[in-house]
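Participant: Every position in the sequence shown, counted from 1, becomes a number in this note's numbering once 17 is added. In this text, a Cβ means the ideal position worked out from N, Cα and C, and glycines have one as well. I'd like to ask you about the structure that follows.
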Amino acid sequence: MVERVKTGVPGLDDLIAGGFPKDSTILLSGVAGAGKTIFCLQFIYNGAFVYNEPGVYLTLEEEPERLISYASENFNWNFKELIEKKLVSFVSAEMYSFEKLRDLIESEVAAIKAKRLVIDPSTILGLYFEKTLQVRKSILDLSRLVKRLGCTTLLVSEIEEGSGKISALGVEEFVADGIIILHYIKESGFYTRGLCVRKMRATDHDSGIHPIQITRNGIVVFPKEQIFTGKV
Numbered sequence: 018m019v020e021r022v023k024t025g026v027p028g029l030d031d032l033i034a035g036g037f038p039k040d041s042t043i044l045l046s047g048v049a050g051a052g053k054t055i056f057c058l059q060f061i062y063n064g065a066f067v068y069n070e071p072g073v074y075l076t077l078e079e080e081p082e083r084l085i086s087y088a089s090e091n092f093n094w095n096f097k098e099l100i101e102k103k104l105v106s107f108v109s110a111e112m113y114s115f116e117k118l119r120d121l122i123e124s125e126v127a128a129i130k131a132k133r134l135v136i137d138p139s140t141i142l143g144l145y146f147e148k149t150l151q152v153r154k155s156i157l158d159l160s161r162l163v164k165r166l167g168c169t170t171l172l173v174s175e176i177e178e179g180s181g182k183i184s185a186l187g188v189e190e191f192v193a194d195g196i197i198i199l200h201y202i203k204e205s206g207f208y209t210r211g212l213c214v215r216k217m218r219a220t221d222h223d224s225g226i227h228p229i230q231i232t233r234n235g236i237v238v239f240p241k242e243q244i245f246t247g248k249v
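Next up, the structure:
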């Protein structure tokens, strides 16, 4: 039986047989405003606060302090307390080399015995290599590393509206164990947020687009409802 990691997102576990496969690498894709950052913060916060699973949030584009402030101002998430207890670590990644990124991840995970990891965004890996094959190999190497470290990992990718792409670099989906797409769909003049489980290895999963709601406690998925659209 596959060991599962609770996502910390109400309703999502119902779609994926109880949670992410333990030590898996999940690609989280979506357009701007779809809720990717909220999803990641929720995964890390509830992992530490509810399930006592320490987590590392590795960020390239946002300063850690801004993420922590955003979480406390908009949601019921007190990350400062969890950081003091060494249950959560926010790390700003510098664009030096892939080897240094690996070393940084390894040291930060070891420092708090992390079981959860967020890498935001995946495009950081595209900065180190010119060829697609090299980028794909680097993501595969990283996936093997975090598995060895015992981390269930979210790899975040922003995609352009109407591009038809699943990931920013075009290679992440071939390496990831699972793919979750966050949609921001315009219907009848209104925007609706939705979530689709595109892929999940070793899991009998629902593949429909389900509506989500953002509350003070984060994202809530409605597994029994679906959004009917031509998009996938």
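(1) Among the residues of its own chain, which have a CB less than 7 Å from the CB of Arg-90, if the five just before and after it don't count?
(2) Since Ile-33 contacts Val-173 with CB under 8 Å, what's their CB separation in whole angstroms?
(3) Can you grab the Cα-Cα spacing for the pair Asp-223 / Met-217, in whole Å?
(4) Would the beta-carbon of Lys-164 fall within 9 Å of that of Ser-46?
(5) Could you compute how far the alpha carbon of Arg-210 sits from the alpha carbon of Leu-104?
(6) What does a CB cutoff of less than 6 Å around Gly-247 pick up in its chain, not counting 5 residues either side in sequence?
(7) DSSP state of Gly-211, grouped into three classes?
(8) Taking the C-alpha atoms as reference points, what is the distance between Phe-66 and Phe-96?
(9) For Leu-99, which residues of its own chain have a beta-carbon under 8 Å away from its beta-carbon, when the five flanking residues on both sides are left out?
(10) Buried or exposed: which applies to Val-249, given that a residue is buried once 16 or more other Cβ atoms fall within 10 Å of its Cβ?
(11) On a CA-only basis, which of Leu-212, Ile-244, Ala-219 and Glu-242 is nearest Val-26? Give me that one, please.
(12) Applying the criterion that 16 or more other CB atoms from any shown protein chain within 10 Å of the CB defines a buried residue, is Phe-191 buried or exposed?
(13) Identify the continuous beta strand (DSSP E) that holds Phe-239 and give its terminal residues.
(14) Thinking just about the alpha-carbon of each residue, which of Cys-57, Leu-29 and Met-18 is nearest to the one in Pro-228?
(15) CB-CB under 6 Å to Gln-151, same chain, minus the five flanking residues each way: which ones, in chain order?
(16) Would Pro-81 pass as a contact of Ala-131 if the rule is Cβ separation under 9 Å?
(17) Can you tell which of Leu-58, Ser-86, Gly-195 and Ile-196 has its C-alpha closest to the C-alpha of Val-73?
Facilitator: Taking the coordinates as given:
(1) Note that residue 90 corresponds to Glu in the displayed sequence, not to Arg. In the same chain as Glu-90, and ignoring 5 residues on each side of it, no C-beta atom comes closer than 7 Å to its own.
(2) Going by Cβ atoms, the distance from Ile-33 to Val-173 rounds to 18 Å, so no, they are not a contact pair.
(3) The straight-line gap from Cα to Cα measures roughly 10 Å.
(4) Not in contact: Lys-164 and Ser-46 (Cβ atoms no closer than 9 Å).
(5) Spanning the two alpha carbons is a distance of roughly 30 Å.
(6) Summary for Gly-247: the model assigns pLDDT 48, below 50, so the residue's position carries little reliability; its value from the coordinates is reported in the next sentence. Counting only Cβ-Cβ distances below 6 Å, and skipping sequence neighbours, we find nothing.
(7) Three-state result, Gly-211: strand.
(8) Phe-96 has its alpha-carbon roughly 9 Å from the corresponding atom of Phe-66.
(9) Answer for Leu-99: Tyr-62, Ala-65, Phe-66 and Val-105, listed in chain order.
(10) Any reading at Val-249 must be qualified, since the residue scores a pLDDT of 43, below 50, and its modelled position is unreliable; the value itself is stated next. By the 10 Å Cβ count, Val-249 comes out exposed.
(11) Out of Leu-212, Ile-244, Ala-219 and Glu-242, the CA that lies nearest to the CA of Val-26 is found in Leu-212.
(12) Classification of Phe-191: exposed, given that the 10 Å Cβ count is below 16.
(13) Phe-239 -> no beta strand (DSSP E), and no H or E assigned at all.
(14) Distance from the Cα of Pro-228 is smallest, within the candidate group Cys-57, Leu-29 and Met-18, for Leu-29.
(15) A distance below 6 Å between beta-carbons, with the five flanking residues on each side excluded, links Gln-151 to no residue of its chain.
(16) No, the Cβ-Cβ distance between Pro-81 and Ala-131 is not below 9 Å.
(17) Looking at the Cα atoms, Leu-58 is the closest of the given residues.
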